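Single-structure report; data block below.
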Amino acid sequence: MNGRRRRVLVAGATGYIGRRLVAELVVAGHQVRCLARTPEKLDAESWRAHVEVVTGDVLDAGSLDTAFRDVDAAYYLVHSIGSQSDWQTRDRTAAENFRDAAAAAHIEQIVYLGGLGDDAGGRLSPHLASRHEVGRVLADGPVPLTELRAAVVIGSGSASFEMLRHLVEVLPVMTTPRWVETRVQPIAVRDVLAYLIGVLGNADAYGKVFEIGGADIVTYHEMMDIYAHVAGLRRRVIVPVPVLSPRLSSLWVGLVTPIPADLARPLIDSLVNEVVVRDRAIDREVPHDPIGCRDAIELALRRVGDVEVSTRWTDAELYGRTPADPMPADPDWAGATILTERQTIHTRATPAALYEQVCALGGDRGWLVGNWLWAVRGWMDRMVGGVGMRRGRRHPTELRVGDVVDFWRVEALESQRLLRLRAEMLLPGDAWLEWTINPEPENAGTVFVQRALFRPRGLFGRAYWYAVAPFHRFIFRPLVRRIERQALLAPPVAESSGR
């Protein structure tokens with residue numbers, strides 16, 4: 000890497016790779032600007048005070064001018080796979096907007112992380128073909144592009160690792176498609192970051208495509224065997240069969256892993272393509288010794304066990320929410336019908352103690368009330384292709400905006416005052432679960448409010464709300480009291496603590 004410190008724009012800074020890359024860039028002394036549709040998602044990062052965050056969307060060309068002002072280079076880490084049915088078109092448009100904004104700003108370099116795969120013969124999966132097309136679009140401009148192509152990324156929280164981990168841990172016997180014998184060259188996330196940093200400002204890397212991979216070439220079958228051995232599990236019985244289509248495979252993955260079927264489908268489609276490094280030109284520009292598959296899995300498992308998962312695949316929004324989507328705080332005149340189940344109590348529990356308890360809900364701890372009902376609701380969601388409850392949460396007690404909590408996502412978070420979760424289940428409407436905490440004057444106690452909110456879509460949405468309303472008294476009504484009780488029993492919490 001050129002030793003000069005640079006002013007760098009990172010598009011996709013809220014994603015799995017993006018967050019980790021920003022941390023590495025800051026440590027290296029670069030001046031970093033993050034582009035985010037929802038800047039609040041970065042508020043809890045340890046490096047937040049050392050970077051600039053601007054609001055923008057690569058699908059909105061007009062929002063990119065400020066982001067590119069006075070920067071030397073830009074990373075493009077955006078991918079809309081699994082977000083909407085037209086994700087390939089969205090990817091193309093986003094890349095065109097980014098390319099044109101970079102050209103208008105006369106920056107020195109764009110760095111893009113794409114996917115491995117051989118273009119010859121035109122047999123790439125739609126997922127890999129789209130990744131390659133994005134690279135071509137970005138390169139079709141005056142700003143030199145450095146494209147890195149990687150296969151399976153192994154790291155705590157990555158989609159590939161989570162799919163591998165849950166398949167192997169949940170299923171001692173697997174019937175799988177023939178793609179389990181496809182060769183792949185997995186790469187540890189730490190090595191991906193080393194290459195991304197290494198090409199920055201390197202003039203010899205301008206205008207080039209580099210293939211990157213770990214030290215080992217394995218089949219998916221062998222990778223599953225390695226995981227089972229590292230995790231201390233019995234060797235899994237894997238029976239390849241020719242009749243499992245990608246659609247059936249993705250539905251199966253959606254049932255037994257946290258990866259929803261609409262995200263699993265394009266990933267599985269890509270597994271038929273052999274993805275190995277055939278050109279080690281990267282070694283001349285970025286001397287680096289990547290670790291092997293076993294070491295990568297061991298490191299990822301150790302971080303999962305130590306709750307050191309800094310980013311997860313769930314950090315990227317799956318369903319393409321836009322700023323125009325309704326929010327539960329919108330006033331009545333905004334045009335949305337919001338149905339509400341509200342519980343309000345006055346309590347002696349402190350705001351800090353209550354906040355600690357609501358931030359610890361979900362995941363392995365559960366929901367304090369009716370855990371089996373939550374599990375059934377998650378199972379029902381999985382049956383229709385939703386995310387279900389298997390995603391868990393990144394950390395057992397800490398939250399930040401954008402984090403996943405089972406089938407919810409943290410939408411708003413204010414220390415000792417507010418937590419709002421937005422449902423990502425498949426529903427005939429939009430749903431939220433919200434807690435607000437307000438201290439009463441003169442230390443008279445705390446007003447603790449819990450709201451379950453639903454914005455129905457059409458008649459079926461209203462029918463759904465009234466059908467499930469009777470179950471609320473078994474879950475939501477006791478929940479607020481159980482949270483209060485836990486807060487009163489918990490050791491004192493410093494009033495200045497927060498997430």
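Note that numbering that gives the first Met the number 0 has the sequence shown beginning at 0, numbered continuously upward.
All residues carry an ideal CB built from backbone N, CA and C; glycine is no exception.
All values reported here derive from a predicted model rather than from experimental measurement.
C-alpha distance - residue i paired with residue j, whole-angstrom precision
i: V276; j: D215; result: 10 Å
i: A104; j: D69; result: 8 Å
i: R164; j: F473; result: 34 Å
i: V238; j: G377; result: 29 Å
i: R461; j: F470; result: 15 Å
i: Y74; j: K207; result: 15 Å
i: S159; j: P176; result: 17 Å
i: A10; j: E107; result: 16 Å
i: T349; j: R364; result: 22 Å
i: V77; j: P477; result: 42 Å
i: R135; j: V21; result: 25 Å
i: V198; j: R279; result: 14 Å
i: V129; j: P490; result: According to the sequence shown, residue 129 is Ser rather than Val. When rounded, the distance between both Cα atoms is 52 Å.
i: E39; j: V448; result: 23 Å
i: A202; j: P286; result: 15 Å
i: R450; j: P289; result: 49 Å
i: V50; j: Y463; result: 44 Å
i: L170; j: D380; result: 20 Å
i: L112; j: Y354; result: 39 Å
i: V183; j: Y219; result: 7 Å
i: A299; j: V172; result: 23 Å
i: T13; j: L192; result: 15 Å
i: E284; j: T145; result: 11 Å
i: D85; j: S155; result: 29 Å
i: E340; j: L452; result: 6 Å
i: V236; j: V179; result: 12 Å
i: L58; j: R19; result: 23 Å
i: M223; j: V167; result: 6 Å
i: R389; j: M162; result: 11 Å
i: E293; j: F459; result: Contrary to the premise, residue 293 reads as Arg rather than Glu in this sequence. Distance between the alpha carbons of R293 and F459 is about 50 Å.
i: T88; j: D42; result: 31 Å
Buried versus exposed, by CB contacts within 10 Å (16 or more), residue i
i: S157; result: buried
i: M382; result: exposed
i: T343; result: exposed
i: D329; result: With a pLDDT of 40 at D329, under the threshold of 50, the modelled position of that residue is not reliable, and no figure is offered here.
i: L372; result: exposed
i: D90; result: buried
i: H228; result: exposed
i: E307; result: Low per-residue confidence applies at E307: pLDDT is 45, beneath 50, and the placement is therefore not dependable enough to give any value.
i: E439; result: exposed
i: L412; result: buried
i: V188; result: buried
i: Y15; result: buried
i: N442; result: exposed
i: R148; result: buried
i: Y194; result: buried
i: D402; result: buried
i: A352; result: buried
i: F97; result: buried
i: V404; result: buried
i: G428; result: buried
Interface flag, residue i vs chain B, CB-CB below 8 Å
i: Q87; result: The chain inventory of the structure shown lacks chain B, comprising one protein chain alone.
First and last residue of the uninterrupted beta strand (DSSP E) at residue i
i: E410; result: 407-413
i: L418; result: 417-422
i: I436; result: 428-438
i: R148; result: 144-149
i: M379; result: No beta strand (DSSP E) holds M379; the alpha helix (DSSP H) holding it covers 370-382.
Contact set for residue i: own chain, Cβ-Cβ below 6 Å, skip 5 residues either direction
i: G369; result: F473, I474
i: P141; result: A102
i: R5; result: H29, D71, A72, G200
i: V240; result: T174
i: E433; result: R419, R450
i: D282; result: none
Cβ-based neighbour list, residue i, same chain, cut-off 7 Å, excluding 5 preceding and 5 following
i: G291; result: G213, A214, D215
i: I296; result: I153, I225, Y226, V229
i: E132; result: R91
i: W46; result: V21, A22, V25
i: E44; result: R18
i: V274; result: L115, G116, A150, V183, Q184
Residues near residue i in its chain [Cβ-Cβ closer than 8 Å; skip 5 each side]
i: R347; result: G444, T445, L487
i: R480; result: I344
i: R53; result: Residue identity differs from the one stated: residue 53 is Val in this sequence, not Arg. Same-chain partners within the cutoff: R32, C33, L34, A35, P38, T65, A66.
i: N272; result: G116, D117, R122, L123, S124, L127, T181
Continuous alpha helix (DSSP H) stretch holding residue i: start and end
i: A158; result: 158-169
i: T88; result: 86-104
**Prompt:** Does the segment 390-404 come close enough to the segment 357-366 that 3 or more CB-CB pairs lie under 8 Å?
**Reply:** yes
**Segment contact flag, the segment 416-424 with the segment 399-408, C-beta cutoff 8 Å, min 3 pairs** = yes
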